[in-house]
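Chains H and B supply the protein sequences, listed in that same order.
Residues in the first sequence are numbered consecutively from 1, following the working numbering.
Residues in the second sequence are numbered consecutively from 1001, following the working numbering.
Glycine included, every Cβ here is placed at the ideal spot set by N, Cα and C.
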Amino acid sequence: MYQDVINEHFLNPRNVGEVSGAGARGTAASFVCGAVVRVTLKVDGDRRIVAAKFKAAGCSFLVAANSILTSAVLSKTTAEAAVLVQSPAVLDQLGSALADKQHCGSLAREAMLNAIRNYSDAARAEWAADDALICTCFGISEQRIENEILSGELRTVAEVTQVCKAGAGCGSCYKLIEDILDDYLRTRSYQSL
Amino acid sequence: MIYLDNNATTRTAPEVFAAMQPYLTEYYGNPSSAHSLGRTMKLAVERARVQVANLLGATNSNEIVFTSCGSEADNWAIRGVLEQSPHNKHIVTTLVEHEAVRNLCAKLETQGYEVTWLGVNGRGELDLDELSAALRLDTALVSVMLANNETGVLFPIDAIGKIVHENSNAVFHVDGVQAVGKIPINLSELDVDLFALSGHKLHAPQGVGALYIKNGTPLSAQMIGGSQEGGRRAGTSAVPNIVGLGIACELATDFHPDVERLRDRLEAEVLARIPNARVNGMKEPGKRLPNTANISFEYIEGENILRLLDEAGICVSTGSACHSSTHQSSPTLHAMNVPFSIARGSIRFSLSRYTTDEEITRILEVLPGIIQKLGEMSPYEKELRALSSLP
């Protein structure tokens, strides 16, 4: 039954190719099996994915997984797409939980997530407002995160994510949130001396 | 269906099936029985033995012993020789042998034997100087295939046999499974002690093989039981299969010239039409099986080509397969140092006497489209573009 779905997507893969004028791209490669995936995305001003395409050199399962993922993220916001791609259920219809297919499924997810992160990094870099943008997926600013840390006495990225969703999407801001926490904790321990 | 996977197995020839039928119906006796039905069976087995001996050019039909398959013949040859010389713990073989030899030698390596694995060059050829240098006083056995199952490349077993016998006391075993029925063989003129074959590779049914044991070659029995096969291999003879093998050997003696012509046509036209196609292994006539074309489509996944050809009703095989996230590229292409991007796109087309011009035409109609479709999916578009702009 899984094989039928894999076959159908392998024989008629959706979204093969490269999005013209793509705003984001993500690749993933396996040193274990040699497979390579490249995903390109076009994201509109409301952070909605309006086009997603892939190219893959790998097994039929990998092709099917990319076909499904590129279809699944269409018209989703990058935040929604990032959450979806990381949910174990997204490739259930291919039997991705089977031990010998986990590797191929992860590779497809990784390429998609990398494309979303690529978009987030670019959007963050282009952000022009005074208050720096940290979490592109959920639109959370540096100021907001600092306030949450201060008022909630937060210590970890997980706590920050729990309180204000920053970092709950593609995860590209994880390191930035960590830096903010480090700065805060350093300042505080200095003050307490 | 177009079947171009004849190195994996072949269809049973209609003549073979017809000859086997009486032995699956009215002639159901045991060739070891003393009554007339038993004698009828015994005669059938002996007739088949002569037919096999004729195809191999064996001096005497008593040099042919029937087995259940090619792997049994290979296993018997190797273990049977080693048992005869318990103090000689050295084996010489190649990196490109069929699993029946390769995996057995690898296992023996863990059981106190030392194995010298001879490599091949990029064309799939052995270095005979490397072979000479590998031979030692305690070398018990040299096991080398005649024809490679993946590329069809032939090893010069006569020259190898001479080197082995002039420089050591080792017994020389040849895995001839992939060659029998495809090229003429004359064992009486070759320096070969043991030679394995398998019925289903030459239009006999699955479940029968044979081992040629040159008279005078010391070999211990491995299947112990009754006195069948002159006491060399116990077990009631599979008479229908043995009869089938005999007839298949008789049919094979014509060495259909069309096979090579069709293979060359397929190969030439694929290379002319598909820019990223290249042949693996030697192409010179006489250095390769006439029925095998191992062609790589660079930057394309062989497994996917196989699947799409299968959809179009064409059966081939690939040396490249993905198992549980590790990519297993073909041992032969790996030993030949074929780069990964080429090895993973390898497809083996293996023809038979039943292959027709129409079938080759059909393959040439669908294959370029399949390669193009998969090429459009490949993230190596720059590399593919570079290949197609070559003169």
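Cα-Cα separation between Ala1335/B and Leu1128/B, rounded to whole angstroms: 16 angstroms
Candidates Thr1253/B, Ala1204/B, Arg1362/B and Thr1040/B, of which the one nearest Pro1014/B by Cα: Ala1204/B
Beta-carbon gap between Leu1245/B and Val1120/B smaller than 9 angstroms: no
Own chain, CB closer than 8 angstroms to Ala1238/B, minus 5 neighbours either side, in chain order: Phe1066, Ser1068, Gly1207 and Val1208
Backbone CA spacing between Leu1095/B and Arg1102/B [nearest angstrom]: When rounded, the distance between both Cα atoms is 7 angstroms.
Contiguous beta strand (DSSP E) assignments of at least 3 residues, all confined to the stretch 1205-1244 of chain B: 1209-1213
Pro1086/B versus Lys1107/B - alpha carbon distance: 17 angstroms
Closer than 9 angstroms to chain H by CB, Pro1379/B: yes
Partners in chain H for Glu1383/B, counting only beta-carbon separations shorter than 7 angstroms: Within chain H, no residue comes near Glu1383/B; the closest Cβ sits about 10 angstroms away, beyond 7 angstroms.
Contact belief for Asp1175/B with Met1145/B at Cβ below 8 angstroms, rounded distance in angstroms: 4 angstroms
Supposed close pair Ser1061/B, Arg1079/B - CB separation, criterion 8 angstroms: Rounded, the Cβ-Cβ distance is 24 angstroms, inconsistent with contact.
Helix, strand or coil at Met1145/B according to DSSP, with G and I counted as helix: strand
Local conformation of Thr1292/B per DSSP, three classes: strand
Beta carbon proximity, Asn1148/B to chain H, threshold 9 angstroms: Any Cβ of chain H closer than 9 angstroms to the Cβ of Asn1148/B would place that residue at the interface, and such an atom is absent.
Cys1315/B versus Ile1347/B - alpha carbon distance: 11 angstroms
Cβ neighbours of Phe1340/B in the same chain (closer than 8 angstroms, five flanking residues each side left out): Ser1329
Asp1138/B in three-state terms, based on DSSP: Coil.
Thr27/H at chain B interface by Cβ criterion, 9 angstroms: yes
Top-ranked residue by Cα proximity to Ser71/H, from Thr27/H, Asn12/H, Ser172/H and Gln102/H: Of all alpha-carbon atoms in Thr27/H, Asn12/H, Ser172/H and Gln102/H, the one lying nearest the alpha-carbon of Ser71/H is that of Asn12/H.
Contacting residues, own chain, Cβ-Cβ under 6 angstroms from Arg109/H (five flanking each side not counted): Val85
Cβ neighbours of Glu1301/B in the same chain (closer than 8 angstroms, five flanking residues each side left out): Ser1320, Arg1344, Gly1345 and Leu1374
C-alpha gap between Asp1357/B and Asn1215/B, whole angstroms: Using only the alpha carbons, I get a separation of about 43 angstroms.
Phe1195/B burial status per 10 Å Cβ neighbour count (16 or more: buried): buried
Beta-carbon proximity check, Ser1143/B vs Ala1077/B, cutoff 9 angstroms: yes
Cα-Cα separation, Ala89/H to Val83/H: 11 angstroms
Straight-line Cα distance separating Thr1059/B from Ala1140/B: 24 angstroms
Chain-ordered chain B contacts of Pro13/H [CB-CB under 8 angstroms]: Simply Met1377.
Contact check, Ala115/H vs Ala52/H, beta carbons under 9 angstroms: yes
C-beta neighbour in chain H for Ser1325/B, strict 9 angstroms: With a pLDDT of only 49 at Ser1325/B, under 50, the local geometry of the prediction cannot be trusted, and the value read off the model is given with reservation. Yes, Ser1325/B lies at the interface with chain H (some Cβ there is under 9 angstroms from its Cβ).
Near-chain B residues of the stretch 31-61 of chain H - C-beta to any C-beta below 9 angstroms: Val32, Cys33, Gly34, Ala35, Val36, Val37, Arg38, Phe54, Lys55, Ala56, Ala57, Gly58, Cys59, Ser60 and Phe61
Residues bridged to Gly26/H (per DSSP): Val39/H
Residue range of the unbroken beta strand (DSSP E) whose run includes Arg144/H: Taken as a continuous stretch (DSSP letters only), Arg144/H belongs to no beta strand (DSSP E), being part of the alpha helix (DSSP H) at Glu142 to Gly152.
Whole-angstrom distance between Arg1233/B and Arg1263/B, CA atom to CA atom: 38 angstroms
Close-in-space but distant-in-sequence residues of the same chain around Asp953/B (CB under 8 angstroms, 5 per side omitted): Nothing can be reported for residue 953/B, as the shown portion of chain B is limited to 1001 through 1391.
Contact belief for Pro1379/B with Val36/H at Cβ below 8 angstroms, rounded distance in angstroms: Between the beta-carbon of Pro1379/B and that of Val36/H there is about 5 angstroms, and that keeps the pair under the 8 angstroms contact cut.
Distance CB(Ile1342/B)-CB(Glu1376/B) smaller than 9 angstroms: no
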